Amino acid sequence: MALVDVSRLPQHVAIIMDGNGRWAQSRGKPRTAGHERGADAVRAIMRAARRLGIPTLTLYAFSEQNWDRPRAEINALVDLLCDCLVSERDELIDNEIRLNAIGRLHKLPTRAQSKLHALMDATASFGGMTMTLALSYGGREELVDAARVLARRVREGSLEPDEIDQAALEASLPSMDCGPVDLLIRTGGEQRISNFLLWGSAYAEFYFTDELWPDFSANSLYCAIRAYQERERRFGLVPGAQHAAATNESRDELERAI
Ligand code: IPE
Ligand code: IPE
Ligand code: MG
């Protein structure tokens, strides 16, 4: 069992849950069987993260690009999502987990949207942990949507172009409601970001593992966190410097002081 220092936990863990299809295919099963086992892994990791005291967990469940998969696989994924949004209700409530979602949710079938919003409403007041599902999500799409919001505000006259700074852009990015990513985990052996949280991962620590998502266990999560805790995050500074100096505020102060 990997030992984790609970006083230095990543505040925001994001996971690219990859490898369900290969997990199933290597067992001679249909890809959908891998997605079903993947849902079990989601439950295990949600529990483990909550027990550890991680405040924010973001899970990449379905990308904007995944809409181009075979229709039968998409239908199975939507059915699975709907089932989980019902079956996990008590688990979320008992553990005071707030459910959140990002992505172009309007593209989901209405039955999935209504179950999603029902569970988000039922858990809205909880502060134990926020679990965000990225559904029909793409990092580029999110940035395009934010650019449109800001452009409309400029056209209406409520925003000057020069007022568009990092804070203004972030305020238009739903994924940034939970703050930047500290630790980004990808299972399944690929070492790429696949259009996940492009803005919020700017200074994330990446952890890639060959484990396929259905095999990813609580102990796998502890290993990832332990690896994170062994790294030094420098944010562009020199070793040992205060990380806070990398924030925009203090950078502005430094610029003024120079
Ligand atoms: C991730 O597993 C789940 C989704 C993208 C919905 P995959 O379905 O991508 O599994 P592999 O990568 O084909 O094994
Ligand atoms: C990323 O996995 C999306 C999710 C895990 C939901 P993909 O399997 O879709 O990514 P690629 O195709 O390997 O880049
Ligand atoms: Mg994949």
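Mapping of the sequence shown onto the working numbering: position 87 corresponds to residue 99, and the numbering continues sequentially without gaps. The C-beta atom is built at its ideal place from N, Cα and C for all residues, glycine as well. These numbers come from a predicted model, not from an experiment.
Would residue i pass as a contact of residue j if the rule is Cβ separation under 9 Å?
| i | j | result |
| --- | --- | --- |
| A61 | A216 | no |
| G151 | L210 | yes |
| Q37 | S206 | no |
| D194 | P22 | yes |
| T199 | D52 | no |
| L117 | T144 | no |
| S184 | A146 | no |
Name the one or two DSSP bridge partners that residue i has.
| i | result |
| --- | --- |
| N207 | In DSSP, N207 forms no bridge with anything. |
| Y234 | DSSP output for Y234 lists no bridge partner at all. |
| S75 | Y149 |
| A253 | For A253, which the question treats as bridged, DSSP gives no partner whatsoever. |
| Y219 | I197 |
| R110 | T142 |
| L104 | DSSP output for L104 lists no bridge partner at all. |
Over the uninterrupted alpha helix (DSSP H) stretch that includes residue i, give me the two end residues.
| i | result |
| --- | --- |
| L195 | Unbroken run through L195 is the beta strand (DSSP E), L195 to R198; no alpha helix (DSSP H). |
| V54 | R43 to L64 |
| R83 | R83 to S99 |
| A134 | T122 to A134 |
| A179 | Q178 to A183 |
| R34 | N32 to Q37 |
So, is residue i buried or exposed, given that buried needs 16 or more other C-beta atoms within 10 angstroms?
| i | result |
| --- | --- |
| N32 | buried |
| V166 | exposed |
| Q213 | For clarity, residue 213 is Ser in the given sequence; the question names Gln instead. The residue in question, S213, is buried, as its Cβ has 16 or more Cβ neighbours within 10 Å. |
| E172 | exposed |
| H255 | exposed |
| L224 | buried |
| G201 | exposed |
| A158 | buried |
Can you give me the start and stop residues for the beta strand (DSSP E) that residue i sits inside?
| i | result |
| --- | --- |
| A26 | H24 to I28 |
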